[in-house]
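Chemist: Counting from 1, one number per residue, gives the positions in the sequence shown under UniProt numbering. Just so it is clear, CB atoms sit at the ideal spot from N, CA and C, and this is done for glycine as well. Owing to the predicted nature of the structure, the values given are computational and were not obtained by experimental measurement. Submitted below is the structure of interest, expressed as structure tokens.
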Amino acid sequence: MPSPDTQTCEVKIEGAWLAVSLDEAAAHYTMAVKRCPACHGRVAISGTYSGLNVQRRVYHRKAHSGCPLKPEAYSGTPSPHPQALT
């Protein structure tokens, strides 16, 4: 399983998965399907805005205890999402 990176996700472009930053995904790939780079579960991007500062984060559409990017639910053992996108 890849090392977790909280500031990237994968977007499906023309049938292939491309790793991009959350800022790029939110700006250029808003309608593309997105998946977690660690467990390959479907994700969405949320953001908080304060002045000129934007903080983005990825959240799983369906919770999964095997993803190290979700520390509040992580079981300690990495595993693919049960509904992993391919």
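Could you tell me the distance, in whole angstroms, from the CA atom of serine 75 to the CA atom of glycine 66?
Modeler: The residue you call residue 75 lines up with position 75 of the sequence shown. The residue you call residue 66 lines up with position 66 of the sequence shown. Each residue's Cα considered, the two are about 6 Å apart.
Chemist: Check whether the Cβ atoms of alanine 26 and isoleucine 45 lie closer than 7 Å to each other.
Modeler: Position 26 of the sequence shown, counting from 1, holds the residue named residue 26. Position 45 of the sequence shown, counting from 1, holds the residue named residue 45. Closer than 7 Å, so yes.
Chemist: Sort out for me which residues DSSP pairs glutamate 10 with in a bridge.
Modeler: In the sequence shown, residue 10 corresponds to position 10, counting from 1. DSSP lists Ala19 and Arg35 as partners of glutamate 10.
Chemist: For a test of the three-state rule: what should DSSP assign to alanine 73, helix, strand or coil?
Modeler: Taking the sequence shown and counting its residues from 1, one reaches residue 73 at position 73. Alanine 73 falls in the coil class under three-state DSSP.
Chemist: With DSSP as the reference, label alanine 84 as helix, strand or coil.
Modeler: The residue given as residue 84 occupies position 84 in the sequence shown. Coil.
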